[in-house]
Amino acid sequence: MDRLLTVTGLSTEFRTERGIVKAVNNISYTVNESEIVGLVGESGCGKSVSQLSVMQLIPNPPGRIVAGSVDFDGTDLLQYKRESNEMCAIRGRYISMIFQEPMTSLNPALTICRQMTEVMIEHLGTEYKEAREKSIDMLDQVGIPDAAKRIDDYPHQFSGGMRQRVMVAMAMLCNPKMIIADEATTALDATIQAQLLELLYGMVDKYKTALVMVTHNLGVVARYVNRINVMYAGSIVESGTVNEIWANPMHPYTEGLLSCVPRLGEKLVPIKGMPPSLVNRPDTCPFAARCRYRQKQCFEQPVSELTLVEGTHYSACAVKLEGKV
Amino acid sequence: MSTYIIRRLFHSVIIILIVSLIVFLLLRALPGDPIMMLIAQNTNMEWTPEMIEALRDSKGLNDSLPVQYFRWFSMMLRGDFGVSIMHNYNIGEQLKSKVVVSMMLGICSFAVSIIVGPLLGIISAIRRGKFIDNVVTIFANIGITAPQFWIAILLIFLFSMRLQLLPIYGYTLPWVNLGLCIRQSILPVFVTALGPIASTARQTRSSVLEVLGEDYVRTAWAKGMNERKVLMKHVLKNSLMPIVTLQGTMLRQIVGGSVVVERVFVIPGMGKFMVDAMQGRDYTVVQSVTVVMTLVVVISYLIVDLLYGWVDPRIQYD
Chain A
6 MDRLLTVTGL
16 STEFRTERGI
26 VKAVNNISYT
36 VNESEIVGLV
46 GESGCGKSVS
56 QLSVMQLIPN
66 PPGRIVAGSV
76 DFDGTDLLQY
86 KRESNEMCAI
96 RGRYISMIFQ
106 EPMTSLNPAL
116 TICRQMTEVM
126 IEHLGTEYKE
136 AREKSIDMLD
146 QVGIPDAAKR
156 IDDYPHQFSG
166 GMRQRVMVAM
176 AMLCNPKMII
186 ADEATTALDA
196 TIQAQLLELL
206 YGMVDKYKTA
216 LVMVTHNLGV
226 VARYVNRINV
236 MYAGSIVESG
246 TVNEIWANPM
256 HPYTEGLLSC
266 VPRLGEKLVP
276 IKGMPPSLVN
286 RPDTCPFAAR
296 CRYRQKQCFE
306 QPVSELTLVE
316 GTHYSACAVK
326 LEGKV
Chain B
23 MSTYIIRRLF
33 HSVIIILIVS
43 LIVFLLLRAL
53 PGDPIMMLIA
63 QNTNMEWTPE
73 MIEALRDSKG
83 LNDSLPVQYF
93 RWFSMMLRGD
103 FGVSIMHNYN
113 IGEQLKSKVV
123 VSMMLGICSF
133 AVSIIVGPLL
143 GIISAIRRGK
153 FIDNVVTIFA
163 NIGITAPQFW
173 IAILLIFLFS
183 MRLQLLPIYG
193 YTLPWVNLGL
203 CIRQSILPVF
213 VTALGPIAST
223 ARQTRSSVLE
233 VLGEDYVRTA
243 WAKGMNERKV
253 LMKHVLKNSL
263 MPIVTLQGTM
273 LRQIVGGSVV
283 VERVFVIPGM
293 GKFMVDAMQG
303 RDYTVVQSVT
313 VVMTLVVVIS
323 YLIVDLLYGW
333 VDPRIQYD
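Chains as they are written, first to last, in our numbering: chain A, 6 to 330; chain B, 23 to 340.
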């Protein structure tokens, strides 16, 4: 499989009144062609910001990408300005994004037809009639009943699950190389969530599209993804295939996340404490305060880099890597 | 939709009834009497109490209030606005020429304000915090706070008296003399439109800023739309929603403001007509002008509400 996306040393900051928030701190990861990658972490750990940085959709000000490179298919996306034509030609054409909030992510004042066809007209120069045909076909594929009629409806006439299906259809229109699903199913109830996941995975499988699944729910990614990146407080703390991580979590945070996945009949074990503030954070391990393996060195030495465990499995916990526990 | 319009028209009739009743009663509650005004203007005649009483009788002012009201209102329904107490002219005929003048100025002011207001608002929202934004904000604050007559006097002093670029007063209909009409219209239209432009610009600015932060705008960016398309196709229509509602109020403001502006610029429109009649306690004229102005406002509110449904498809009329 060919390499599609290589993110190296990406850092994004927000300037706030309380200081500089390092929302994404020096993260590196890769996505191969038609691969499904999971990006897992709790709320506020920088998952979404990292993905918005790749798309250059960070509101600026206050946000700013301060370092790193995003190599997509041989070009560094960060060399282009946010509003530049080059960047616009990539968004929606080669990288699509599906957002968390299905209720507000579609424009309430335009019909589904206008919102869908404009993507194809913009990127592929398709004639309106043909774009409409293809949009109806795509709505059909994502399971919108009576698509030819529903396409002229407005977003408020759809339910949340249906709107997210529309978003999936819209993301697939130009047959992109990669889709970023940013908590795409989080706002939906469990049954709809399962349907939508099946749909999403089915679609990317059919069109050989790479998919980055951003979620806080390990259960959402475990069945389908090839590799997982676990994020905590703006950094990737563990990375590897599902099997590697599931069988042998090498970072205490991942371990905690795994024990947070509900199983029938078992008591949930939550991770104690709160995630650290990202304002003016020291460079020691951000998880140390909540960690049950913590040692003196965790509060004194800078946090270790992602280090190879075995195979493709990397972890950033020095204590566990040294086998001290 | 049609039931909605019918219901709204029914409401409009009720509003006009209430307004006509209130203005009718208020006028009679005011100190002063049209007959005494009439007498005061004709001092070359010897007025005996009998003559005054006969005059009052002939104007129908000795009838009971309900009789007077229903006589006036039923005449108006038949399209007859009656005769001026003071000057004996036919009010309907006078109104026609005044309405044309006021409509010309009103429509021009409204057109200017709905074009310039949102434009300034959008510009200052996009260039938020930049120089142009500050200029628009200062301009808008002046427009909202400064009284119209004061602005009008300053402008007359500057452009008409000092620079002698524009005529000081008067109005000519465009089909009589287009050039003069335009030169005479510039200042009154600007003064009338200033308030609406300022309010609309401020409202548009905050509305655009709000919409710019919406999720669907991020979606539009994520779809690869460029800045122009994001603004024109996704931001504009959504940020227009509160602006459209505001325009009803702006129209009312323009109609109301014409009273002051027409007076300052000596324009023979409805506003000046109304003020002159007011000073002479010319009951029938004031009543008729008020009803016509109410009609204009009520209809414009209806149009605005219908437009709102076109801008925001979530609104349903039933």
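Every residue, glycine too, gets a C-beta built ideally from N, C-alpha and C. Predicted model only: the values in this text are computed from it and were never measured.
For A:Ser140, no chain B residue has a Cβ inside 8 Å of its Cβ, as the nearest lies near 13 Å away. Assignment of A:Ala293 by DSSP, reduced to helix, strand and coil, places it in the helix class.
Exclusion of the five residues before and after B:Asn112 leaves Val105 as the residues of its chain whose Cβ lies within less than 7 Å of its Cβ. Residues of chain A whose Cβ lies closer than 9 Å to the Cβ of B:Asp237 are, in chain order, Phe104, Gln105, Glu106, Met108, Thr109, Ser110 and Leu111.
Shortest Cα-Cα distance from A:Glu18 to any of A:Arg69, A:Met218 and A:Arg168 involves A:Arg69. Taking 8 Å as the upper bound for CB-CB distance, A:Leu205 and A:Ala186 are in contact here, some 6 Å apart.
Contact with chain B is found for A:Glu127, since one of that chain's Cβ atoms lies less than 8 Å from the residue's Cβ. When Cβ pairs closer than 8 Å are counted between the two stretches, the segment 89–101 of chain A is seen to touch the segment 177–185 of chain A, the count reaching three or more. According to the DSSP assignment, A:Asn90 belongs to the alpha helix (DSSP H) that extends over Asn90 to Ile95. Boundaries for A:His318: no alpha helix (DSSP H) harbours it, while the beta strand (DSSP E) harbouring it runs His318 to Ser320, taken from the DSSP string. Rounded to whole angstroms, B:Ile36 and B:Trp332 show a C-alpha spacing of 26 Å. Each residue's CA atom was taken as its position, placing A:Pro307 and A:Ile233 some 24 Å apart. No residue range can be given for A:Asp151, since it is assigned to no alpha helix (DSSP H) and is classified by DSSP as neither H nor E.
By the C-beta density criterion, B:Met254 is exposed, having fewer than 16 other C-beta atoms within 10 angstroms. Per the C-alpha coordinates, the member of B:Ala147, B:Val326 and B:Met59 positioned closest to B:Met263 is B:Val326.
By the Cβ criterion, the segment 282–294 of chain B is in contact with the segment 169–184 of chain B, since at least three pairs of Cβ atoms, one from each stretch, lie closer than 8 Å. Of the residues assessed, B:Glu75 falls on the exposed side of the cut-off, its CB having fewer than 16 other CB atoms within 10 angstroms.
Taking the Cβ atoms as the reference, B:Val230 lies roughly 6 Å from B:Gly143, within the contact range of under 8 Å. Secondary structure at A:Ile63: coil, using DSSP grouped into helix, strand and coil. Taking the beta carbon of B:Asn248 as reference, the chain A residues within 8 Å of it are Glu88, Asn90 and Cys93, listed in sequence order. In the three-state reduction of the DSSP assignment, B:Asn260 falls in the helix class. The beta-carbon distance between B:Leu49 and B:Tyr305, rounded to whole angstroms, is 5 Å. This is short enough to meet the 8 Å contact definition. Residues of the same chain with a CB within less than 7 Å of the CB of B:Val297, apart from the 5 flanking positions on each side, are Val281 and Arg285 in chain order. Look at the segment 192–214 of chain B: it has no residue with a C-beta under 9 Å from a C-beta of chain A. Residue-level contact by beta carbon fails for A:Arg228 and chain B, as no gap is shorter than 8 Å.
By the Cβ criterion, the segment 119–127 of chain A is not in contact with the segment 196–203 of chain A, since fewer than three pairs of Cβ atoms, one from each stretch, lie closer than 8 Å. Under the DSSP assignment, A:Glu243 falls in the beta strand (DSSP E) whose first and last residues are Ser240 to Thr246. For A:Ala174, the nearest beta carbon of chain B is not closer than 8 Å to its own beta carbon.
The C-beta of B:Arg336 comes closer than 8 Å to at least one C-beta of chain A. For B:Asn112, DSSP records a beta bridge to B:Val105.
Within the model, the alpha-carbon separation for A:Thr317 versus A:Arg299 is close to 25 Å. DSSP places A:Lys27 inside the beta strand (DSSP E), whose first and last residues are Gly24 to Asn37. For the segment 112–124 of chain A, residues whose beta-carbon sits nearer than 9 Å to a beta-carbon of chain B comprise Asn112, Pro113, Ala114, Leu115, Thr116, Arg119, Gln120, Glu123 and Val124. Interface flag for A:Arg96 against chain B is set, since a Cβ pair is found closer than 8 Å. Looking at the backbone, the Cα of B:Gly291 and that of B:Ser119 are separated by about 8 Å. Residue B:Trp94 holds the alpha-carbon nearest to the alpha-carbon of B:Val313 among B:Met59, B:Pro56, B:Trp94 and B:Leu87.
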